[in-house]
Amino acid sequence: MDENFQQHYSEDGLWDKLRKYARQIGREVLEKALVLYYTGIDEKTPKWAKTVLFTALGYLILPLDTIPDITPGVGFADDAAALLAAAASVASCISEKHRTLAKEKLKTWFKHSD
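In terms of UniProt numbering, the sequence shown opens at residue 1 and continues consecutively.
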């Protein structure tokens, strides 16, 4: 993944994108993004892994990407692929704590679903 995408990452940009498009992105992709976020802000996560994580999250935030996010049904497919690739490459850095934090955040956004 091109590290230039990392320059598009900002915490405010991430939260804005996730809140604005939560329903379109879908719970599974949202959870993956949140797991990567919580892994990335963990001081125990190595720098190389943070680079991978924030590059993928930067791609998610990028307004123009391979498949425009506003494309119905498939708009976030490329973003999901980027997040999955990042998660696979840093899997050893992702802890149960990161997964739990992501699930707890999702509960606040999707109060009426399981």
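Quick reminder that beta carbons are idealized off the backbone N, C-alpha and C, glycines included. Every value quoted in this text rests on a predicted model; they were computed, and no experiment measured them.
Say yes only if the C-beta of Leu-34 is nearer than 6 angstroms to one or more non-hydrogen atoms of the ligand FAD, and no if none qualify.
Here there are no bound small molecules, and the ligand FAD is not part of this structure.
Distance between Ala-87 and Pro-72 (C-alpha atoms, nearest Å):
Because Pro-72 sits at a pLDDT of 48, beneath the cut-off of 50, its placement in the model cannot be relied upon, and the point is left open.
Hey, is the segment 87 to 98 in contact with the segment 38 to 58, meaning 3+ C-beta pairs nearer than 8 angstroms?
yes
Alpha helix (DSSP H) containing Tyr-38: first to last residue?
27 to 41
Counting only the same chain and skipping the five closest in sequence on each side, list residues whose C-beta sits under 7 angstroms from that of Lys-50.
Gly-40
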